[in-house]
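One structure below.
There are 2 protein chains.
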Amino acid sequence: MKQTGMGSEKIIRRKRDGELEYQPDDLTVEEPLEIRIGRKVLATTMRTPGHDQELATGFLISEAILRQPNELAKLSSPGENIVIVDLAAGVKVKLNSARRFGTISSSCGICGKASIDVIRQNFPPIQSTGSRIGLTTLLGLPIRLREQQMEFAHTGGIHAAGIFDLRGRPLIVREDIGRHNAVDKAIGRAFLDRRLPLDRHVLLVSGRASFEILQKALAAGISIVAAVSAPSTLAVSFARVSNQTLIGFLRPPSFNLYSHIERVDLSRS
Amino acid sequence: MKQTGMGSEKIIRRKRDGELEYQPDDLTVEEPLEIRIGRKVLATTMRTPGHDQELATGFLISEAILRQPNELAKLSSPGENIVIVDLAAGVKVKLNSARRFGTISSSCGICGKASIDVIRQNFPPIQSTGSRIGLTTLLGLPIRLREQQMEFAHTGGIHAAGIFDLRGRPLIVREDIGRHNAVDKAIGRAFLDRRLPLDRHVLLVSGRASFEILQKALAAGISIVAAVSAPSTLAVSFARVSNQTLIGFLRPPSFNLYSHIERVDLSRS
C-alpha cells in the first residue's frame, strides 16, 4: 500500500500512431479511509492517501459535528487507513447527513428544497457583505491552482481544491481522487490553523460544483465558490439562499456568474 | 422541481471578448433520490431525475441485495424523489457496503486489498473467457456513446455510461450528474430486461474509472470496462483479480490497457 498520491503500474499503451508500448504509467492512488469518532466508525471514504487527518477534520466540519477548534481533543492515525478523532468532553455527535436526510418524509421523499433546508438548519447563510474579488484576480486563479498542483499533469485522474485570499494568494491547495475529499482536506487544514470562517476567501475546485461542494464551503464560511466546470441546479439554488457567490466554467477569459454577483468587480481594467 | 435532466437559469456570462451577457443557461439537474426497501430508507443519492427505478434497481444489484429478476416483486414511485423497492418474500437485505466496510478491523482499518476481498465475497470473478473486442470496434465506442447522449453538449455537467455489445452496438446509454448513478441506471435497465450477466458486453464510462465502477460492472457480470479518463490504482487491482479487462484514456486512436488484455484484439486491420 502506498502513502503517496501516485502508483506506478506497467501497462500497454496504444500510441497515436498505432504502435504499442509496454511501460510504467502513473495512476492516482485510491484507498479507503475509515473515519472513527473514538471507537465508533463514522464513515469510510475512498480517497487518495495523504493529509488524512485534515480530511477527517474537514469531513466532521461539513457534517456539522465539529465547529470550534476547542471541540477537537485529538487526532490520531493508528493505521495507514484509519483516522481516529477524539472530541472534547461534552461535544455531541449528530447523525450524518445521509441519516438526517433519511428522517425527512414528505410527498417528494426529500426534494432539493428540503435538502437545502436541512443544511440551513446547521449552517446560517454567509453574513458578511464586504468581500469582493477583482476581475483580474478571479481570472488568475485557475493558473495559480495549477501551479500548486503536484499530480494532475502526471495522472490526469485527480481533483484539486484551493482556498485563495481576495488578492488571489493561495492559502491551501489539496488534491484527491474525490472532489469532495479535496475540499474536506483544504477546509480541515484551515480549521486546524484556526482560519475559519473563510468569508474573505475563495474556494476554487478543478471540476464541477455540486450541492455538496457548496454545502462544504458554507460549513467553512466561504463566501465565494468558483469551479472550472459546470454547477448543478441544486448548487445554484443553494448558493442563492446561502448568500454565496457561485462562479462556473472559470476558463479565462470567460466565466459564468450564477449568484450574488455583487462580490465580483466586473469593471474592465 | 423538474423531472427532466436540464434546468434553465438566467446567468451572467463573461464572453471571451470580455463582454457581459445576461441570458438563460442550461444546467444539469441535481436532486436527491430516496431509495427505500419497503418502508425502510436504504440510501439517499444526489442524482439527475429520470430513470429513477432503473437507478434504484442498479443500486441494489451493486449492493448484492438483488441478484435475480424473481427476487424483485415491485417498483413504485410514490413521489418525485422516492423509489420504493418491494422484494420478493424471503429475499434478505444485507447491509450496504459502507456498513460492511465498517465491520472490518485490522491494522490498516480497511485497506484496498480488504475492500476488494469484501466485494469478492459477494461477486465471483468473471468466468467466461470467450469475449473479445476488435480494435476498430473499441476505438469506435466513444463516438457512439456521444451520439447516444442527449445532454452533455448542452450542459457540460453530466456523466454517461453505455453498455455495448462486442460489435459496438449500443444496448443502453444513461446519463447522470453522478458517474456511479449513470452506471447503476444502465445496469438496472439491463437487469429489468433480463440481460444479466453481461459477460459479452462492454461498459464505457465518460469519465474516470474508480474502484466503485469496476465493482458495479462485476455485479452485472461485465467483462470489459472502458473509461475515457484515468483509472485509479484500486480499479486496476480490482480488475486484475476479477478477471475484467480495463481500458483507460480511450481517446481514439490511443488508449491504455491495464488488465486482461486477451479480450482486446490488438492486431492492426
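Sequence order for the protein chains is A and B. Residue numbers for the first sequence follow my numbering, beginning at 1 and rising by one. Residue numbers for the second sequence follow my numbering, beginning at 1001 and rising by one. Think of the CB as a built atom: it goes at the ideal place given N, C-alpha and C, for glycine as much as any other residue.
In the DSSP secondary-structure assignment, A:Gln121 is not bridged to any residue.
Going by DSSP, A:Ile143 is part of the alpha helix (DSSP H) stretching over Leu135 to Gln148. For the region 1227 to 1244 of chain B, the beta-carbon criterion of a distance under 8 Å to any beta-carbon of chain A is satisfied by Ser1229, Ala1230, Pro1231, Ser1232, Thr1233, Leu1234, Ala1235 and Val1236.
In the displayed model, B:Glu1080 falls within coil according to three-state DSSP, outside both helix and strand. Contact between the region 1215 to 1231 of chain B and the region 1185 to 1193 of chain B is established, with three or more Cβ pairs separated by less than 8 Å. In the three-state DSSP reduction, B:Arg1194 falls in the coil class, being neither helix nor strand.
Assigned with DSSP and collapsed to three states, A:Asn70 falls in helix. Cα atoms of A:Leu234 and A:Gln23: separation of roughly 43 Å, rounded to the nearest angstrom.
A Cβ-Cβ separation of about 7 Å places B:Leu1166 in contact with B:Arg1132 under the 8 Å criterion. Contact note: B:Pro1024 does not reach chain A at a C-beta cutoff of 9 Å; the least C-beta distance is about 11 Å. Judged by DSSP in its simplified three-state form, B:Gln1023 adopts strand. Within chain A, the residues placing a beta-carbon under 9 Å from that of B:Val1029 are Gly112, Ser232, Thr233 and Leu234, ordered along the chain. Nearest CB-CB separation between A:Ile11 and chain B: below the 8 Å threshold.
A check of alpha carbon separations from A:Glu54 across A:Phe123, A:Lys113, A:Asp176 and A:Gly90 identifies A:Asp176 as the nearest. Judged by their CB atoms, B:Phe1238 and B:Phe1255 are not nearer to each other than the 8 Å cut-off.
Beta bridge pairing from DSSP links A:Lys10 with A:Pro24. Taken atom to atom, the span from the alpha-carbon of A:Glu9 to that of B:Leu1246 is near 13 Å. Within the same chain, and ignoring the five residues on either side of B:Leu1145 in sequence, the residues whose Cβ sits closer than 7 Å to its Cβ are Ala1160, Gly1162, Val1173, Leu1204 and Ser1206. Under the Cβ criterion (8 Å, minimum of three pairs), the region 1035 to 1043 of chain B counts as touching the region 1076 to 1093 of chain B.
Under the DSSP assignment, A:Ile163 falls in the beta strand (DSSP E) whose first and last residues are His159 to Asp165. Non-local C-beta neighbours of B:Val1091 in its own chain, meaning closer than 7 Å and more than five positions away in sequence, comprise Glu1071, ordered along the chain. For the C-beta of A:Arg208, the chain B residues within less than 9 Å are, from N- to C-terminus, Thr1028, Gly1156, Gly1157 and Ile1177. At least 8 Å separates the beta-carbon of B:Leu1139 from that of B:Pro1069. For A:His201, the three-state secondary structure derived from DSSP is strand. Of the candidates A:Arg194, A:His201, A:Thr48 and A:Glu262, A:Thr48 places its Cα closest to the Cα of A:His180. Interface annotation, A:Leu196: not in contact with chain B, CB-CB separation never under 8 Å. Around the beta-carbon of A:Glu262, fewer than 16 other beta-carbon atoms lie within 10 Å, marking it exposed. Non-local C-beta neighbours of A:Asp184 in its own chain, meaning closer than 7 Å and more than five positions away in sequence, comprise Leu55, Gly58, Phe59, Ser62 and Lys216, ordered along the chain. If you draw a 10 Å sphere on the C-beta of B:Gly1018, you find fewer than 16 other C-beta atoms in it, and that means exposed. Nearest CB-CB separation between B:Leu1204 and chain A: not below the 8 Å threshold. In the same chain as B:Asn1122, and ignoring 5 residues on each side of it, the C-beta atoms closer than 7 Å to its own belong to Ala1064, in chain order.
For the alpha helix (DSSP H) assignment, the region 1027 to 1056 of chain B encloses no uninterrupted run of at least 4 residues.
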